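Each residue of the sequence shown is one higher than the one before, starting from 6 at the first, in our numbering.
Quick notes on the structure that follows.
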Amino acid sequence: MSAEPLRPITDDEVDTYRNDGVVKLSGLFDPLWIDRLRAVVDRSMATPGRHVREYDTGDVGRFHANMFQWETDPDLRAFVFDSPGGAIAARLMGSESVSFFFDHLLVKEPGTVNPTPWHQDLPYWPVLGDQICSLWFAMDPVDEASGAVRYVAGSHRWTTWFRAQSFDGSDKYSDATMPLVPDIESDPDQRIVTFDLVPGDVVAHHVMTLHGARGNTSTNRRRRGLSTRWLGDDVVYDPRPKAMTLPFTADVVPGQAMRSERFPVVYPHG
Ligand SMILES: O=C(O)CCC(=O)C(=O)O
């Protein structure tokens, strides 16, 4: 399998990422990755590890999340080092090199009620920089009814950081000095974009793009997504009091680059 995308990313796609803070990308990943990542989902749901979170509180659905699996799961590790993810992130962000931050599995089974709250990623994360993006890889056909992620186009250039809200509703990430996320849904000036996806598609979003998702209101369609987080040249470690605590001792220094054994350089390929 090649670590280069199956086709070149166009200038239009790069412009869309930079102007809107989000872009859908089709036809870049070898379809073999779909099954390899589905196998990761099966393992994660069958054998809950220490980073698993179950957010759904209803009787029918299941909102299963897991993180930091790349260090232990062979298929996820391969995705980090051998898939085109790093090359795609480098091209979109205009970064010469890319390191890997972490993987975040987000499965919403049919009937899952829980929305994913509107949020920007940066207030949650102990990093600072502009060259930070996520790739949300679809393992199922996804549309709004099954919980496609929704994004506010252009919001990545807003300068306000909004208060982070844990997906479990707790306030562990909530920094009270930050304003609450405004009511996006009823603001006619906001352009909310969402994408119908087929397995193997990815949506790339910037770390400051506001995004969220509804539940999965379908009766029989799973929504298995893997969001992977990639870091460019301008990113430094910034462990703030309310930001996510890493589940290991970070081998990087505050104010310095996120390049280390825990945050390996994946592009250019060694
Ligand atoms: O999959 C979801 O519901 C949310 C995705 C998300 O927040 C992310 O990819 O950063």
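Even for Gly, the Cβ is constructed at its ideal location relative to N, Cα and C.
Computed from a prediction, not measured in an experiment: that's the story for all the values here.
{"Item": "Can you give me the C-alpha to C-alpha distance between ARG264 and ASP145, rounded to a whole angstrom?", "Value": "33 Å"}
{"Item": "Count the other CB atoms, across all protein chains shown, that sit within 10 Å of the CB of GLN261; report buried if there are 16 or more and exposed otherwise.", "Value": "exposed"}
{"Item": "If I follow the unbroken beta strand (DSSP E) through PHE105, where does it start and stop?", "Value": "103-113"}
{"Item": "Please classify MET214 as buried or exposed, where buried requires at least 16 neighbouring CB atoms within 10 angstroms.", "Value": "Note that residue 214 is Thr in the sequence shown here, rather than Met. Answer is buried; the Cβ neighbour count reaches 16."}
{"Item": "How long is the line joining the alpha carbons of PRO131 and LEU202, rounded to whole angstroms?", "Value": "30 Å"}
{"Item": "So the beta strand (DSSP E) GLY152 belongs to, where does it begin and stop?", "Value": "That residue, GLY152, is in no beta strand (DSSP E); it is neither H nor E in DSSP."}
{"Item": "Out of SER102, GLN125, VAL207, ILE39, point me to the one whose CA is closest to VAL186's CA.", "Value": "GLN125"}
{"Item": "Near LYS113, what residues of its chain come up, given a Cβ to Cβ distance below 6 Å and the 5 sequence neighbours on each side ignored?", "Value": "PHE68, GLY152, ASN221, ARG228"}
{"Item": "Would you say ASP243 and SER100 are within 8 Å of each other, going by their C-beta atoms?", "Value": "no"}
{"Item": "Applying the 10 Å Cβ sphere with the 16-neighbour rule, what's the burial state of ARG234?", "Value": "buried"}
{"Item": "Assuming VAL103 and LEU236 make a contact with CB atoms under 8 Å, what is their CB distance in whole Å?", "Value": "7 Å"}
{"Item": "Taking the alpha helix (DSSP H) that VAL45 belongs to, which residues open and close that run?", "Value": "37-51"}
{"Item": "Considering only the alpha carbon of each residue, which of GLY134, PRO259, PHE200, ASP135 lies closest to SER31?", "Value": "PHE200"}
{"Item": "Between ARG168 and LEU111, what straight-line distance do the alpha-carbon atoms span, to the nearest angstrom?", "Value": "21 Å"}
{"Item": "SER232: beta carbon under 7 Å from a heavy atom of ligand 1?", "Value": "yes"}
{"Item": "Tell me the rounded alpha-carbon separation between THR117 and GLY63.", "Value": "7 Å"}
{"Item": "Return helix, strand or coil for GLU18, following the three-state DSSP convention.", "Value": "helix"}
{"Item": "Please classify ASP20 as buried or exposed, where buried requires at least 16 neighbouring CB atoms within 10 angstroms.", "Value": "exposed"}
{"Item": "In the DSSP assignment, the beta strand (DSSP E) including ARG96 goes from what residue to what residue?", "Value": "Where ARG96 is concerned, there is no enclosing beta strand (DSSP E), although the alpha helix (DSSP H) it sits in stretches over 90-98."}
{"Item": "If contact is defined by three or more beta carbon pairs under 8 Å, each pair taking one atom from either stretch, is the segment 159-167 in contact with the segment 41-59?", "Value": "no"}
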